[in-house]
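Q:
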Amino acid sequence: MASVHRMITGLADYTLADLEALENERPELGRLEVIDGALHATGESAVGNLHQLIMQRLHLLFATACPPGSIVRIDTWWMSPRGKIRPDVAVYRRGDEPADRYGAFQVAPRAILEILSDDADHDLVRKDGVYAQFGVTRRAYLDPRQRQGWWCRIDGEDHGGPTARWQLDGWPELRFRRDELLGD
Numbered sequence: 001m002a003s004v005h006r007m008i009t010g011l012a013d014y015t016l017a018d019l020e021a022l023e024n025e026r027p028e029l030g031r032l033e034v035i036d037g038a039l040h041a042t043g044e045s046a047v048g049n050l051h052q053l054i055m056q057r058l059h060l061l062f063a064t065a066c067p068p069g070s071i072v073r074i075d076t077w078w079m080s081p082r083g084k085i086r087p088d089v090a091v092y093r094r095g096d097e098p099a100d101r102y103g104a105f106q107v108a109p110r111a112i113l114e115i116l117s118d119d120a121d122h123d124l125v126r127k128d129g130v131y132a133q134f135g136v137t138r139r140a141y142l143d144p145r146q147r148q149g150w151w152c153r154i155d156g157e158d159h160g161g162p163t164a165r166w167q168l169d170g171w172p173e174l175r176f177r178r179d180e181l182l183g184d
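Mapping the sequence shown onto this note's numbering, position 4 (from 1) lands on 4, and the numbers just tick up by one.
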């Protein structure tokens, strides 16, 4: 089933527990995030299982390369001044963790990586705008739906070849291989 992006207004005051309960009660809504006072529900994605698999592969890649002063999280809440959002992969400084181990990060990540779903505008426009506004200068996007043309955008540059490289400050070079990540 293709994803149907929905925007539901008036829910900006929902807590993280409310959002997670709503996701459990209404799984057809898919992932929920609040941006600028509106609840965004992406619905079930045709690439849902692939999305999860890619996220796991990326977490392993990032966690293996992670230097001592950084931490890597997948699908973890960030309480931005503009809303409650969840980057697929986020890099934070060690020490930025929430006091409550189940809580949300209160500071912007150093770097994010998003895996695009059927509603790419949600990641490439809405969330990218929030990331840019709050100083997340290192941003990457993978598009598992693309079998031709660009499949990866790193720090604003599109990549269409079999391998893309990303150099984060203080990290060894990260190499994204299309066939390994996307299962080509």
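All C-beta atoms in this analysis are idealised placements derived from N, C-alpha and C, irrespective of residue type, glycine included.
Please read all numbers here as calculations on a predicted model, not as lab measurements.
#1: Please state whether the Cβ-Cβ distance between Asp88 and Leu113 is less than 8 Å.
#2: When you compare each of Ser117, Asp119 and Ala108 to Arg139 by their alpha carbons, which one comes out closest?
#3: Reducing DSSP to helix, strand and coil, say where Val136 ends up.
#4: Whole angstroms is fine: what's the gap from Leu22's alpha carbon to Arg153's?
#5: Do the segment 86-100 and the segment 57-75 make contact, defined as three or more Cβ pairs closer than 8 Å?
#6: Please state if the CB of Ala65 and the CB of Leu174 are separated by a distance shorter than 8 Å.
#7: Would the beta-carbon of Leu29 fall within 8 Å of that of Lys84?
#8: Classify Arg93: buried if its beta carbon has 16 or more other beta carbons within 10 angstroms, exposed otherwise.
#9: Which residues does DSSP pair with His159 in a beta bridge?
#10: Measuring only the C-alpha atoms, how far is Ser80 from Ser117?
#11: So for Arg101, helix, strand or coil by DSSP?
#12: Just the C-alpha distance for Glu97 and Ala104, rounded to the nearest angstrom, thanks.
#13: Could you check the C-alpha separation between Glu20 and Glu33 for me, to the nearest Å?
#14: Which residue comes first and which comes last in the alpha helix (DSSP H) that contains Glu28?
A: To lay it out plainly:
#1: As a first step, residue 88 must be located in the sequence shown, where it is residue number 88. As a first step, residue 113 must be located in the sequence shown, where it is residue number 113. Taking 8 Å as the Cβ cut-off, Asp88 and Leu113 qualify as a contacting pair.
#2: As a working note, residue 139 is residue 139 in the sequence shown. Looking at Ser117, Asp119 and Ala108, the one whose alpha-carbon comes closest to that of Arg139 is Ala108.
#3: Translated into the one-based positions of the sequence shown, residue 136 becomes position 136. DSSP places Val136 in the coil class of the three-state scheme, outside both helix and strand.
#4: Within the sequence shown, residue 22 is the residue found at index 22, counting from 1. Within the sequence shown, residue 153 is the residue found at index 153, counting from 1. Whole-angstrom Cα-Cα distance: 32 Å.
#5: Counting Cβ pairs under 8 Å, three or more are found: they touch.
#6: The residue labelled residue 174 in the question sits at position 174 within the sequence shown. The residue labelled residue 65 in the question sits at position 65 within the sequence shown. Yes, Cβ-Cβ distance for Leu174 and Ala65 is below 8 Å.
#7: Taking the sequence shown and counting its residues from 1, one reaches residue 29 at position 29. Taking the sequence shown and counting its residues from 1, one reaches residue 84 at position 84. No, these two residues do not count as a Cβ contact at 8 Å.
#8: Within the sequence shown, residue 93 is the residue found at index 93, counting from 1. Exposed, by the Cβ-count rule.
#9: Counting from 1 along the sequence shown, the entry for residue 159 is found at position 159. According to DSSP, which records beta bridges pairwise, His159 is partnered with Cys152.
#10: The sequence position of residue 80 within the sequence shown is 80, counting from 1. The sequence position of residue 117 within the sequence shown is 117, counting from 1. Distance between the alpha carbons of Ser80 and Ser117: 21 Å.
#11: Working through the sequence shown from its first residue, we reach residue 101 at position 101. In the structure shown, Arg101 falls within a coil segment according to DSSP collapsed to helix, strand and coil.
#12: The sequence position of residue 97 within the sequence shown is 97, counting from 1. The sequence position of residue 104 within the sequence shown is 104, counting from 1. Straight-line Cα distance between these residues: approximately 8 Å.
#13: Numbered from its first residue, the sequence shown carries residue 20 at position 20. Numbered from its first residue, the sequence shown carries residue 33 at position 33. Taking the Cα positions, Glu20 is about 10 Å away from Glu33.
#14: Residue mapping note: residue 28 aligns to position 28 of the sequence shown, counting from 1. That residue, Glu28, is in no alpha helix (DSSP H); it is neither H nor E in DSSP.
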